[in-house]
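Have a look at the structure below before the remarks.
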Amino acid sequence: MNDIEKLQENIENRNKLNSTVREFFAHRGFLEVETPILVRSPGMEPNLSVFEAGDGGLRTSPEYQLKKLLGLGMKKIFEIARVFRSGEPIGGLHNPEFTMIEWYGQGASMEDGMKQTEELVDYCAKAFSYNGKIDLSLPWPRISLRDLFLEHVGIDLAEASSELYRQACEKHGIGVSADDSESDLFFRLHLSLIEPKLPKDRAYFIYDYPKSEAALSRLTPDGKFARRFEACLGEIELCNAFEELTDKEEQRARFETEAKERERMGKHVFPIDEELLNLLVSISNPTFGNALGLDRLLMALTGASSIDDVLAFPASRFFK
């Protein structure tokens, strides 16, 4: 197959995936929406770097704007969104501009969201007559991060702290920095001791994230875990999903904590989105939301080894 034929196949596959995703959500009563790409508050998470523009930047996710629509009364919505992240590697699983399917449903729990997610992937796999190496059969295993940390790190995440994480890093010979945050230490342990134990050829969910990793998700009733999960297709991290936090003051406090962390890291601190906070209180509990990487899903469905293989114009052709 020559380069022109590969490009044609690439574009046809992308069109098929987008059409299939739209069909899946239309059949379930979701409304497709469009939200701004250039925004005043493009993201507060400390781990994300933003392409800045004027007093704002290019969105890292449509999350804030979609939640505003929920607060204004919309019940089930989705967006196939172009999103942007700076400061990450180019190639492999990463491109600075990529495509997300992000959806929200009021009245849906985290468990409902797991079912929606695996059903969406299954629906797309059937459209592509998938017969790849990753086992996508339903239901996907639900893997508890709490259980994994107990077994492989010796920490109960219900009682986790920076000090316990730091001691575990030292015990297992994992290098740390004096200014590592609790999140930094958690991910050092996760990367070194947990990820190698996860399935390499199976789709699965991982849940029971500690409260320090809650971001915009609700906590469990005991306040010790985030109502959050990630889904992976083997070694491809596919999505990050929340049962959404709707408490205005708790969300404000988290934003303020994230702003301080961004400042400590020397990153631009964007203003807290007050409109979002004011509309959170109008969103029902539970509400589920998921941000799923369409480029990565297309990689899995077509057997591509790099995100470059599913993009017509990958950034690696133009940037180093």
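Numbering follows the working numbering, in which position 94 of the sequence shown is assigned residue number 1161; successive positions increment by one, without gaps. For every residue, glycine included, the Cβ atom is placed at its ideal position computed from N, Cα and C. Just so it is clear, the structure is predicted and the values come from calculations on it, not from any experiment.
Local conformation of residue i per DSSP, three classes
i	result
Asp1247	coil
Phe1092	helix
Pro1277	strand
Arg1209	strand
Lys1134	helix
Phe1253	helix
Ile1303	strand
Asp1202	strand
Tyr1271	strand
Ser1284	strand
Val1336	coil
Thr1087	helix
Val1377	helix
Glu1101	coil
Gly1351	Looking at the sequence provided, one finds Ser at residue 1351 rather than Gly. Of the three classes helix, strand and coil, the one that applies to Ser1351 here is coil, per DSSP.
Glu1262	helix
Glu1155	coil
Span of the beta strand (DSSP E), counted from its first residue to its last, around residue i
i	result
Asn1069	Careful: Asn1069 lies outside any beta strand (DSSP E) and carries neither H nor E.
Thr1369	Unbroken run through Thr1369 is the alpha helix (DSSP H), Leu1361 to Thr1369; no beta strand (DSSP E).
Ala1148	Lys1143 to Phe1151
Tyr1171	Glu1164 to Gln1173
Ala1298	Phe1292 to Leu1300
Leu1125	Gly1123 to Leu1125
Exposure label - residue i; buried when at least 16 CB within 10 Å
i	result
Lys1073	exposed
Thr1075	A quick correction: the sequence has Gln, not Thr, at residue 1075. With fewer than 16 Cβ atoms within 10 Å of its Cβ, Gln1075 is classed as exposed.
Phe1386	exposed
Asp1375	buried
Ser1054	Beyond the ends of the chain as shown, which are 1068 and 1387, falls residue 1054; an answer cannot be given.
Glu1226	exposed
Met1177	buried
Glu1311	buried
Ile1078	exposed
Val1106	buried
Lys1327	exposed
Ala1093	exposed
Phe1380	exposed
Pro1156	exposed
Glu1323	exposed
Lys1135	buried
Asp1246	exposed
Ser1244	exposed
Leu1378	buried
Leu1252	buried
Pro1353	buried
Ser1204	exposed
Gly1174	exposed
Arg1329	buried
Glu1185	buried
Ile1071	exposed
Pair within 8 Å by beta-carbon distance, residue i and residue j
i	j	result
Pro1103	Gln1132	yes
Ile1222	Leu1231	yes
His1335	Glu1119	yes
Gly1172	Phe1355	yes
Asp1268	Asp1189	no
Phe1151	Trp1170	no
His1219	Ile1261	yes
Asn1307	Ala1358	yes
Phe1165	Gly1360	yes
Leu1286	Thr1313	no
Leu1364	Leu1305	yes
Limits of the unbroken alpha helix (DSSP H) element including residue i
i	result
Val1188	Met1177 to Ala1194
Thr1324	Lys1315 to Arg1331
Lys1238	Ser1229 to Lys1238
Glu1342	Glu1341 to Leu1347
Option nearest residue i by Cα separation, candidates the options
i	options	result
Leu1258	Ser1279, Cys1236 and Asp1275	Cys1236
Ile1210	Leu1305, Cys1299 and Asp1122	Cys1299
Asn1198	Ser1372, Ala1367 and Val1377	Ala1367
Ser1248	Lys1135, Asn1114 and Arg1213	Asn1114
Glu1280	Ile1339, Ser1228, Leu1125 and Thr1369	Ser1228
Lys1315	Pro1288, Leu1343, Glu1330 and Phe1337	Leu1343
Leu1265	Ile1303, Pro1288, Asp1122 and Leu1347	Ile1303
Arg1233	Leu1212, Ala1175, Arg1255 and Arg1213	Arg1255
Ser1250	His1239, Pro1263 and Lys1278	Lys1278
Ser1372	Ala1148, Leu1160, Pro1353 and Ala1379	Leu1160
Asp1289	Ala1282, Gly1174 and Leu1224	Leu1224
Ala1282	Leu1139, Asp1275 and Arg1295	Arg1295
Ser1116	Gly1123, Asp1122 and Thr1127	Thr1127
Trp1207	Pro1353, Ser1284, Gln1183 and Ala1194	Gln1183
Gly1123	Asp1340, Asn1080 and Gly1158	Asp1340
Arg1148	Met1111, Pro1163, Glu1101 and Leu1137	The sequence given here has Ala at residue 1148, not Arg. Checking every option, the nearest Cα to that of Ala1148 belongs to Glu1101.
Arg1321	Arg1384, Met1111 and Asn1085	Met1111
Beta carbon proximity, residue i to chain D, threshold 8 Å
i	result
Ile1350	In the structure shown, chain D does not exist; there is a single protein chain.
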